[in-house]
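J.:
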Amino acid sequence: MTGFCNLLILALINMVSAVCNNSLDVRITEEEEVEEVTEDNQVGSEVWNFKLDELKLACGYRFSPHDSELIVHYLLRKILGQQLPVNIIPEIDLYQYDADQLPINGTRAINLAGVDHYNKLINALIAADLPQALEDRYNGWFDPQIIKDYATFAETCFEKFGDSVKHWITLNEPRTFTIQGYDVCLQAPGRCSIVLRLLCRAGNSATEPYIVAHNFLLSHGTVADIYKKKYKAKQGGSLGISFDVMWFEPASNSTEDIEATQRAQDFQLGWFIEPLLFGDYPSSMKTRVGNRLPLFSKSEAALIKGLMNYIKNKSGNIPLFITKNGMNDSNTFTSIKDALKDEKRIKYHNDYLTNLLASIKEDGCNVKGYFVWSLLDNWEWAAGYSSRFGLFFVDYKDKLKRYPKDSVKWFKNFLTST
């Protein structure tokens, strides 16, 4: 997920209990991957809309990202225009959506068309991306000006949508966006060192990812502080951040392998979560990155560190949501009939949920929700339409018709029998 919102608004409409009493089951679909912005809808241009063809040339895209013109399957417009039922699977009524197009022309003026657009969707699907104007003006997330503009955007969302939205995520997968957008040129805005990809026109893979991540963390801290002080009491909501997490195991019991595993975890999850827990980056990062790693001032460290402390002191056990989990099939020439037989996906979710339930019951993990990626086959960023994550098969060659895969039946049975 990229985006100026990545203020993912979790509209918890009628939460469905699943797995056990303290876990919810939901489905997730992100705006950029299912909803295309067109010139006539007035909600504003985004980085991904603007950069697709440029990135195809600059970064050697393999999968024709301009095919995003198909996106989605126009699901959202179908809901609005044809009054389609929101709950495609009756047992599922919680979706994740990003709101990203409220500031207009890179100013602090509010895009009223954008507000109206998302207000219409707020009780159905709620969605994210960086306005192109801010990328043009000061290189977006690379510049600390983004912190102030992001805070303005967030307050607009709180004020306009806070009556309906009670659960907010400030940033979705910030590490993925940082690395792929500013290190290896696999996502917008497509910056990297020239030596890494010969056609990168701008960027520095050795420094920019750390600067962007720093601005992400300060943006999250600023917005979370604003919400806590001005909106939480009157709106009764909650706010968090969504990390993409990988786990590492040492190849052997040797000291070298154990230390390498810890470094990998530090540079993956620790990069973003340790500042929120301890007010600073992991020591291994500071040692290896050196002066390329930005420093937190005392006030900044106190701001971001205080967020997790506040949550922990209030709850005792920080609530966790699995905000995106799924597996993909390659988009091969398999017939639709065979593509609907997704036993591998069923096994994946069954095994994951079984172990998740064990962690809740046996270890007391405070897991509150599980978002399955994804409701529909989608445009998967740099991979285009070459992979399929959806519970529903989308026929891109026949008017985007949708067919439930066997995993839909499995989830329906799972939800009704739990």
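Start counting the sequence shown at 857; every next residue gets the next number (the working numbering).
Using N, Cα and C, we set each Cβ at its ideal position, and we do this for glycine too.
Predicted model only: the values in this text are computed from it and were never measured.
(1) Suppose the cutoff is 7 Å on Cβ atoms and the five residues either side in sequence are ignored; what does the same chain contact list for residue 1059 look like?
(2) Can you give me the C-alpha to C-alpha distance between residue 1106 and residue 1122, rounded to a whole angstrom?
(3) Assign residue 1234 to buried or exposed, taking buried as 16 or more other Cβ atoms, counted over all protein chains shown, within 10 Å of its Cβ.
(4) Determine the direct distance from the alpha carbon of residue 1223 to that of residue 1211, and round the result to whole angstroms.
(5) Below 8 Å, how does it come out for the region 1133-1141 and the region 1187-1200: are there three or more Cβ pairs, yes or no?
(6) Exposed or buried, which one is residue 1031 when buried takes at least 16 other CB atoms within 10 Å?
(7) Between residue 1073 and residue 1131, how many whole angstroms is the CB-CB distance? I'm expecting something under 8 Å.
(8) Does the Cβ of residue 1012 have 16 or more other Cβ atoms within 10 Å, making it buried, or fewer, making it exposed?
(9) When you compare each of 1149, 1197, 1244 to residue 1182 by their alpha carbons, which one comes out closest?
(10) Is the region 1152-1163 close to the region 1199-1219, with three or more CB pairs under 8 Å?
(11) Are residue 1016 and residue 1092 close, meaning C-beta to C-beta below 8 Å?
(12) Compute the Euclidean distance between the alpha carbons of residue 1096 and residue 1108, then round it to the nearest angstrom.
(13) Residues in its own chain within less than 6 Å of residue 919 by CB, not counting five upstream and five downstream?
(14) Quick check on residue 1263: buried or exposed, where buried means 16 or more other Cβ atoms within 10 Å of its Cβ?
(15) Less than 8 Å between C-beta atoms, sequence neighbours within five positions excluded: which residues of the same chain meet that for residue 1196?
(16) In the DSSP assignment, what are the bridge partners of residue 1257?
(17) How is residue 888 classed by DSSP in three states: helix, strand or coil?
T.: In this structure, then:
(1) 1038, 1047, 1048, 1049
(2) 14 Å
(3) buried
(4) 12 Å
(5) no
(6) buried
(7) 5 Å
(8) buried
(9) 1244
(10) no
(11) no
(12) 36 Å
(13) For residue 919, the predicted model reports a pLDDT of 42, less than 50, meaning its position is unreliable and no value from the coordinates is stated.
(14) buried
(15) 1249, 1259, 1260, 1261, 1262
(16) 1251
(17) The predicted model places residue 888 with a pLDDT of 44, which falls under 50 and marks its position as unreliable; any figure quoted below should be read in that light. The answer is helix: DSSP assigns residue 888 an H, G or I state.
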